[in-house]
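> First the structure, which I've put down as structure tokens, then a few questions once you've had a look.
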Amino acid sequence: MARDFDGVDDTISCGSDASVDQMNPKTLLLWLVLDADTNDAPFWTKIGTDALGWLFVLLNAPDDLLYYEERFSGTDGAWYTATTVIATGTLYHIALVYDNSDVANVPTFYVNGVAQTTTVITTPTGTVDSDAANSLRMGAYDSGGASRVDGRLGFMEVENAALSVANINRHRWWGCTPGGPSTMNVWHPLWTDSLVNKGTATANGVATGTTMDNATVPRAERMWGSMMGVGR
């Protein structure tokens, strides 16, 4: 199950409570099926018209490359996957891990549990800009931005931790990371109409558009409940 974003004006905002501000290190996770290429396809973002914060997107140009950018007081940091890793109409599990405490650090992109080669576009300088003024969003940069996801997103999670590849794969197979929702920061499985955050942060979602999709993105290979004998 997932939310279907139309590529035009759909987004989900999870607000900007202090519990989701300045999260570092961070891990961003989701299941994804793109219906069509758009200018850019923002997955998770926390950036607005003030141009401060960070964004995790799929670049349509020069190729369909996973891209991460975080704003710093000097030069902004920007990185993408060295090769095209996403095609339309295909189901993927995507994750990103980044620690901005050292400008020499680079994010690691994962596709279906496999780390990708990261290309450095610009190495950051200075100190990290505050993202506190901007909402955590799925599917768009901000409420008025033109870049949108055209496709289905599910099992959206943000962790205030650098998850190991083993725990990333637990999200992939079970739908959430070890410990379950009670230990996670932001978890929106998007398997019902509810946009109440199942994690610990104050990050309930408010949708502009989007519809439910019950066919494309899995409930996860097994679901968290199956660990207790009640899932698939």
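Each residue of the sequence shown is one higher than the last, beginning at 1 in our numbering.
Backbone N, C-alpha and C define an ideal beta-carbon position, used for all residues, glycine too.
Under 8 Å by Cβ, that's how I've got residue 202 and residue 17 pegged, so tell me the actual separation to the nearest angstrom.
Their Cβ separation, rounded to whole angstroms, is 4 Å, which keeps residue 202 and residue 17 in contact under 8 Å.
> Buried or exposed: which applies to residue 100, given that a residue is buried once 16 or more other Cβ atoms fall within 10 Å of its Cβ?
Classification of residue 100: buried, given that the 10 Å Cβ count is 16 or more.
> Anyone know if the C-beta pair for residue 133 and residue 29 falls short of 8 Å?
For residue 133 and residue 29, no; Cβs fall outside 8 Å.
> May I ask you to list the residues that DSSP assigns as paired with residue 72?
For residue 72, which the question treats as bridged, DSSP gives the partners 128.
> What residue ranges within the stretch 28-87 form continuous beta strand (DSSP E) runs of no fewer than 3 residues, ordered along the chain?
Whole beta strand (DSSP E) segments, 3+ residues: 40-47, 53-59, 65-70 and 77-81.
> Alpha carbon to alpha carbon, how far is residue 213 from residue 176?
Rounded to whole angstroms, residue 213 to residue 176 spans 19 Å at the Cα level.
> I think residue 106 touches residue 79, with their Cβ atoms under 8 Å apart; what is that distance to the nearest whole Å?
That belief holds up - the Cβ atoms of residue 106 and residue 79 are roughly 6 Å apart, short of 8 Å.
> Do you know how far the Cα of residue 178 is from the Cα of residue 161?
So the two alpha carbons sit approximately 13 Å from each other.
> Residue 146 and residue 60 - do their beta-carbons sit closer together than 8 Å?
It is not a contact, given that the beta carbons lie outside the stated cut-off.
> Please tell me whether residue 154 and residue 190 are closer than 8 Å, where the distance is taken between their beta carbons.
Going by C-beta atoms, residue 154 is nearer than 8 Å to residue 190.
> Rounded to whole angstroms, what's the CA-CA distance from residue 54 to residue 108? Just pull it up for me.
Rounded to the nearest angstrom, the two C-alpha atoms are 15 Å apart.
> Quick check: what's the CA-CA separation for residue 248 versus residue 5?
The chain is shown only over 1 to 232; residue 248 falls outside these bounds and no answer can be derived.
> So, are the CB atoms of residue 193 and residue 48 less than 8 Å apart?
Against a cut-off of 8 Å, the Cβ pair of residue 48 and residue 193 comes out as no contact.
> Could you check if residue 168 is buried or exposed, using at least 16 other CB atoms within 10 Å of its CB as the buried criterion?
Flag for residue 168 reads buried.
> Please classify residue 121 as buried or exposed, where buried requires at least 16 neighbouring CB atoms within 10 angstroms.
Exposed, because fewer than 16 other Cβ atoms sit within 10 Å of the Cβ of residue 121.
> Is it buried or exposed for residue 223, if we count other Cβ within 10 angstroms and need 16 for buried?
Only weak support exists for where residue 223 lies, its pLDDT of 47 falling under 50; the value from the coordinates is given anyway. Looking at its Cβ environment, which holds 16 or more other Cβ atoms inside 10 Å, residue 223 is buried.
> Using the Cα positions of residue 172 and residue 186, report the straight-line distance between them to the nearest angstrom.
So the alpha carbons of these two residues sit roughly 16 Å apart.
> Put residue 18 into one of helix, strand or coil per three-state DSSP.
Looking at residue 18 - three-state DSSP - the assignment turns out to be helix.
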